[in-house]
Every structure is written in structure tokens, then in C-alpha cells.
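Chemist: Below you will find the structure I want to go over with you.
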Amino acid sequence: MTEIQTRARTAEGLLPASGSTGHEWWRTAVIYQVYPRSFADSNGDGVGDLPGITTHLPALQELGVDAVWLSPFMTSPQRDAGYDVADYCDVDPLFGTLDDFDRMLEAAHALGLRVIVDLVPNHTSSDHRWFQEALASAEGSEARSHYWFRDGKGENGELPPNNWESVFGGPAWTRTTNAAGTPGQWYLHLFDSSQPDLNWESPWVWEQFRGILRFWLDRGVDGFRIDVAHGMVKAKGLPDYTPEQRGGSLSGASVTLEPDISDEEPGSPMWAQEGGHAIFRDWHKVLAEYDGDRALCGEAWVSPPSKLARYVRSDEMQQTFNFTYLETPWNPDALRDVIAESLAAFNGVGAPSTWVLSNHDVIRHPTRFGLMDGSPQGHGIGPKTPYRPNKALGLQRARAATTVMLALPGSAYLYQGEELGLPEVIDLPDSARQDPTWFRTGGERYGRDGCRVPIPWTASGPSYGFSDSGKSWLPQPSEWATMARDVESDEPDSTLSLYKLLLAEREERSLGGGTLEWLEGYGDDVVAFRNGDVTVLANLGRASVPLPAGEVVLSSEQLDGDELPTDTAVWFSD
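Residue numbers (the numbering used here): 857 to 1430.
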């Protein structure tokens, strides 16, 4: 057997859980993302809703998570699945009522589950009364100052104010039409044209969102996930910008949500502006008015982790998603580096590092890890994509990746259905697609519908238990029957059983608040570390490696003898 030798990857020695000096719940929590329209439908219309969530909360408690994050359920025309909000202080009838929300929140708290709601402050729906008032107001009016209205360039203002592109494809500007039918000013939308960006230079906008935060905090929510947290403030003057073509989730042809920021190069003028931090300091004060360790978690596509950590300094947000970790390839050196860099960066500001592998915007990781040629995040994959994933390999790697992730100190996020091993749904018909990316690129990019297909609860029955009527807003594949929760609950080797075991052992051994120590002696292809009384080995190479002596707590795949198979991870107890 291999003798275990230890070393630290940083000069400081051991890598503690980031922010381990505090005891707030969010420092070590496992948070489960519910995408409401695809979770459970209670009224048979084919779209998930709040009562459906309430019904299935016991299943999430049984899974072993600490909190639930709900993607948007607020009033919206649903042109971008709720991320186009028309009323921040009410529930869209598609999902229920405020009373339904209150009952859901009460049920979650009774089960010991915290609830985080999605807040979309970068933009509103074009249906929002604020924007409608702006359209009806004169150029230069107070109402128009709440958004980014600008005169166009060219002889008659026929050209956009700058060259920015929408993340969803096409220009980031749309021209208005005056009441007389003549062409008017342009307005900025970093996403769809139905999502005009708010102008956070306006004190009025600041005051509106303080009220929105308090509305939901007064109802008892435990925190907020902040959509596009790094895009709320734009560079002065809105200068032209032509970025290098790079990857990054939801990236367009020449725009990415993940700016490459350095001390010498400030990055793109639409992302990660320094002025955004003042907003989060203001919101931090609002949350501090309430008991219960309320939390803000930012969707900030910023790299490297040392720059991302600026968003979770002690007087700003409590967490931010670690997308650098999500986008790390299945490579041992890359995985070791991102873990070490993340822990060092977040620990340096007293915040917990977060870990995440999937969400509603990216290709599900069982498919992503099975793609040999890769796929740009946000582009999606579909029937005409020239490469197909290796499903078996992808799932095996996904199980191993999760086994590593849930042993790391800090907080972890799970996306609904990943505990079942659900893959991306590739063969959706074009007629069923609803992502704005699909339409704005003329079908060039498939977008994110494939990770948003309603999840299966039962192997039999209409829509696999999602809806009693059999309706489903996106069609479900036949393989859902073999991956349904009731099937996997009875299988000791299922992905669901693995997740339950991982979460139970993580809680029992306090790994979220532990200390990571790197281990040597297993070869370059093995990621090896110790956290508390658990030794974790993950074989990312092409050949099996010898296992050390010790008691096996769990493994991502069945072990045969004293070898650790390729694409497999294992926990040992000291």
C-alpha cells in the first residue's frame, strides 16, 4: 500500500475552512436549488409551482440539505423564465400566491430548512411599471434616469449608443418609438430586449431595492441569491468594448459573463465595476437589521477567486458562487489548484468558499464531464451538435466529482435533479425550446432548456410524477423512468443513495467547518487530501492505483480489492 505523506500547497500550511472563525449557518450549509417551474406541479397546468414545492419539502429534508434556494417566482411575463420581473413584491399566478409562499416558508422552517429567494436587480421586465413610466416620459426625465436611455449615434441616431452585445446574442441596445411614431432613444439590455437594465447611479433605484429586501425579510426569508451581481454597475460613459473571445457561462460571440480582471486591466465596462461593492455594503446593513444570520449570495462571474473574494468582504455579501470551480475541467492539477486558490482567497477575507457543479444556466455536470470536445457554457447542446457525451463516463465522473466536492470545507450548492444523476436533455425538439438564447441567435445556440426539463419523481404515472395531468412545459425523456426518485430510493448503489450518504457523513463529521490538508504519495493523477478524520482520494487518471489501509466510509463506485479505479473517489476514516 502507498504510505501517506502530507504537505501543504501554500506557505501558510494548512488550508482552513474559509471564515471558520464564525458559526453562522451559511458558512457550512449545503443549499439545494429549486427551479420552481420544473420541480413539482400541483395544479396540472404543466408548470411547477409553490404548493408543489411545499409537498416535496420532506424529500429535501430526507436528502440532508440545510437550505433551499428558489429561482424566481415573482410576477413576470416569463419571457426569460421569471428572470424578467414585473413586480418584485408579489408571486406570479403561474406559481401561486403570496399565501402559498408563506405556507411554503412555514413548512420549510418547520422541517429545519432555510429559504433563500432569487433577487434580480440588474434589470426588470419591460412590462414593469417603472419601465412603462419611463417609456411614457420625456427624454431626460426622472423616470428615464432609472434605466439606461441614450441617444443613438449616426446622422439621425440610427446607430446604437455603443457596440455592446447582449449575452443572449445580438446588440445590447433596442431603439424605442415615440408616441408620434418617430424613432426615439435607445435603452440598454445586457440580456433580452424585454429585460432593460436598471441604472444604479440613481438613488431612487437604491431606495426601491431597500424596500424590496425588507418586504421579503419581513416575511421571514433567510437570504437572497443576487442575480448578475457583477453587472449592476456600468463603467462611466458606457465606452465601446471589444473583448477577446473566451469561454464563460452564457458567453456570446464576443461577450462573456466572466471578466478577466487584473490590477493592470480593469476588464469589460459592463462587468465587475468597483462601484458595485457599495450596493452590497448597503444591503449588508439592511440584512443586519434582522435576526437570524440572513445571507446574500452573489451570482458573480468573476475570476480568479482572488478577485471574486472582493464580493464577500466582511461588510458585503456573505457568499458568492465559485464558478471558477464549476468550470474546472476533469484534470487533477486544475482541480487541486482551484481548491487551493479558492480556500486561500476566501479565507483571506473571512468568508466561506462555496462549491458548485451545476445550476439552471449550465450544462448538467454528468453530461459536461462526458463531453470529450467540450461545449461553451450557455451555448448548450442539441440534436445537431456534432459531438455527443459518453453518458456512462460522464455519470461516473460526476459521482466522483460530487464525492470530492462534499468533502471540502465551506458551503456547497446542489441543483435539483443532480442527486438523481440526471443528464442534460439533448434531444428536445426545436418547437419546444423557450430559452431567449435560441431565438436571439436564430437557433445557432441551443441555450439552457436542456438543464431545465422537469424532474422525475416516479417511474410510472403521468410526467413521471411531476404533474398528475401528465403535462410538462418541456418534454421529458423516456430515460427519466429509470432515474426517478422512487426507483433510486430503493437502490443502494444509486446516485440518490450516494448523495444521501455523502450528506449524512459530511454533517456527522463536520466537514463543512473542517480543515483541508493535502496528501502526497499517490501520484500526479490522484487528488488526495484530509479533512478532519476523513481522507479523500480521487483517481482522475487512466489506470487504477493502490488503496491505502484504512476503513472505507464511502466510495463513488463499488471497489474491487485494494485498487482505486479510474474516475472514482473514496473517503477513508482515520
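The beta carbon of each residue, even a glycine, is placed where N, CA and C say it ideally should be.
Since we're looking at a predicted model, the values are computed, not measured.
How long is the line joining the alpha carbons of Leu1357 and Leu1410, rounded to whole angstroms?
Modeler: Here residue 1357 corresponds to residue number 501 of the sequence shown, with the count starting at 1. Here residue 1410 corresponds to residue number 554 of the sequence shown, with the count starting at 1. Going from the Cα of Leu1357 to the Cα of Leu1410 covers about 8 Å.
Chemist: Relative to the C-alpha of Lys1163, which candidate in Asp983, Pro1421 and His1086 has its C-alpha closest?
Modeler: Residue mapping note: residue 1163 aligns to position 307 of the sequence shown, counting from 1. When only C-alpha atoms are compared, the closest one is His1086.
Chemist: Which residues does DSSP pair with Tyr1271 in a beta bridge?
Modeler: Sequence index remark: in the sequence shown, residue 1271 carries index 415 (1-based). According to DSSP, Tyr1271 bridges with Gln889.
Chemist: Since I believe Ala1256 is in contact with Ser1412 (beta carbons under 8 Å), could you give me their beta-carbon distance rounded to a whole number of angstroms?
Modeler: In the sequence shown, residue 1412 corresponds to position 556, counting from 1. In the sequence shown, residue 1256 corresponds to position 400, counting from 1. Sure, about 4 Å apart at Cβ, within 8 Å.
Chemist: Thr1338: buried (16+ other C-beta within 10 angstroms of its C-beta) or exposed?
Modeler: Mapped onto the sequence shown, residue 1338 falls at position 482. Exposed, because fewer than 16 other Cβ atoms sit within 10 Å of the Cβ of Thr1338.
Chemist: Can you find the residues in the same chain that come closer than 7 Å, C-beta to C-beta, to Phe1385, ignoring five residues on each side of it along the sequence?
Modeler: The residue labelled residue 1385 in the question sits at position 529 within the sequence shown. Cβ neighbours of Phe1385 beyond the five flanking positions: Leu1372, Glu1373, Trp1374, Leu1375 and Val1392.
Chemist: Which complete alpha helix (DSSP H) runs does the segment 980-1015 hold, if anything under 4 residues is left out?
Modeler: 985-992
Chemist: Is DSSP giving Tyr1378 helix, strand or coil here?
Modeler: For the purposes of this step, residue 1378 is taken as residue 522 along the sequence shown, with counting starting at 1. It is coil, neither helix nor strand.
Chemist: Quick one, are the C-beta atoms of Asp1171 and His1140 less than 7 Å apart?
Modeler: Position 315 of the sequence shown holds residue 1171. Position 284 of the sequence shown holds residue 1140. Result yes, Cβ atoms of Asp1171 and His1140 sit closer than 7 Å.
Chemist: For Glu1021, which beta-bridge partners are listed by DSSP?
Modeler: Working through the sequence shown from its first residue, we reach residue 1021 at position 165. Here Glu1021 is bridged, per DSSP, to Pro1027.
Chemist: Give me the DSSP bridge partner(s) of Met930.
Modeler: For the purposes of this step, residue 930 is taken as residue 74 along the sequence shown, with counting starting at 1. Note: Met930 sits in a beta bridge opposite Val947.
Chemist: Could you tell me if Phe1071 is buried or exposed, where buried requires 16 or more neighbouring beta carbons within 10 angstroms of its beta carbon?
Modeler: Here the question's residue 1071 lines up with position 215 in the sequence shown. Counting Cβ neighbours within 10 Å, Phe1071 comes out exposed, since fewer than 16 surround it.
Chemist: Take the Cβ of Arg1341 as the centre, count every other Cβ of all protein chains shown within 10 Å, and call the residue buried at 16 or more, exposed below.
Modeler: Along the sequence shown, one-based indexing puts residue 1341 at 485. Buried, because 16 or more other Cβ atoms sit within 10 Å of the Cβ of Arg1341.
Chemist: What separation, rounded to the nearest whole angstrom, lies between the Cα atoms of Pro1017 and Gln1041?
Modeler: For the purposes of this step, residue 1017 is taken as residue 161 along the sequence shown, with counting starting at 1. For the purposes of this step, residue 1041 is taken as residue 185 along the sequence shown, with counting starting at 1. Near 9 Å, if we compare the C-alpha coordinates of Gln1041 and Pro1017.
Chemist: For Val1281, which of Thr1223, Asp1291 and Val1260 has the nearest alpha-carbon?
Modeler: As a first step, residue 1281 is located in the sequence shown; it is residue number 425 there, counting from the start. Looking at the Cα atoms, Thr1223 is the closest of the given residues.
Chemist: Does Gln1041 come out as helix, strand or coil in the three-state DSSP assignment?
Modeler: If you number the sequence shown from 1, residue 1041 lands on position 185. The answer is strand: DSSP assigns Gln1041 an E or B state.
Chemist: Only counting the same chain, and skipping five residues up and downstream in sequence, which positions put a Cβ closer than 6 Å to that of Ala999?
Modeler: Numbered from its first residue, the sequence shown carries residue 999 at position 143. Only Glu989, Ala990 and Ser993 meet the Cβ criterion.
Chemist: Leaving out five residues on either side along the sequence, give the residues of the same chain with a beta carbon under 6 Å from the beta carbon of Cys1153.
Modeler: For the purposes of this step, residue 1153 is taken as residue 297 along the sequence shown, with counting starting at 1. Closer than 6 Å at the Cβ level, and outside the excluded window around Cys1153, lie Arg1081 and Gln1175.
Chemist: Work out the CA separation of Ser1350 and Ser1027 for me, nearest whole Å.
Modeler: For the purposes of this step, residue 1027 is taken as the residue at position 171 of the sequence shown. For the purposes of this step, residue 1350 is taken as the residue at position 494 of the sequence shown. Note on residue identity: the sequence assigns Pro, not Ser, to residue 1027. Their Cα atoms are separated by approximately 45 Å.
Chemist: Rounded to a whole number of angstroms, what is the C-alpha to C-alpha distance between Asp1418 and Ile1195?
Modeler: Walking along the sequence shown from the start, residue 1418 turns up at place 562. Walking along the sequence shown from the start, residue 1195 turns up at place 339. Roughly 27 Å separates the two Cα atoms.
Chemist: Judging by CA-CA distance, which residue of Phe987, Pro1039 and Arg985 is the nearest neighbour of Gly1011?
Modeler: Along the sequence shown, one-based indexing puts residue 1011 at 155. One detail in the question is off: residue 1011 reads as Glu in this sequence, not Gly. Nearest of Phe987, Pro1039 and Arg985 to Glu1011, Cα basis: Pro1039.
Chemist: Are Gly952 and Ser1323 closer than 7 Å when you measure CB to CB?
Modeler: Here residue 952 is taken as the residue at index 96 of the sequence shown, counted from 1. Here residue 1323 is taken as the residue at index 467 of the sequence shown, counted from 1. No, the Cβ-Cβ distance between Gly952 and Ser1323 is not below 7 Å.
Chemist: Within 10 Å of its beta-carbon, does Glu1274 have 16 or more other beta-carbons around it, so buried, or fewer, so exposed?
Modeler: For the purposes of this step, residue 1274 is identified with residue 418 of the sequence shown, where counting begins at 1. Buried: at least 16 other Cβ atoms inside 10 Å.
Chemist: DSSP state of Gln1332, grouped into three classes?
Modeler: Sequence index remark: in the sequence shown, residue 1332 carries index 476 (1-based). Here Gln1332 sits in coil by DSSP.
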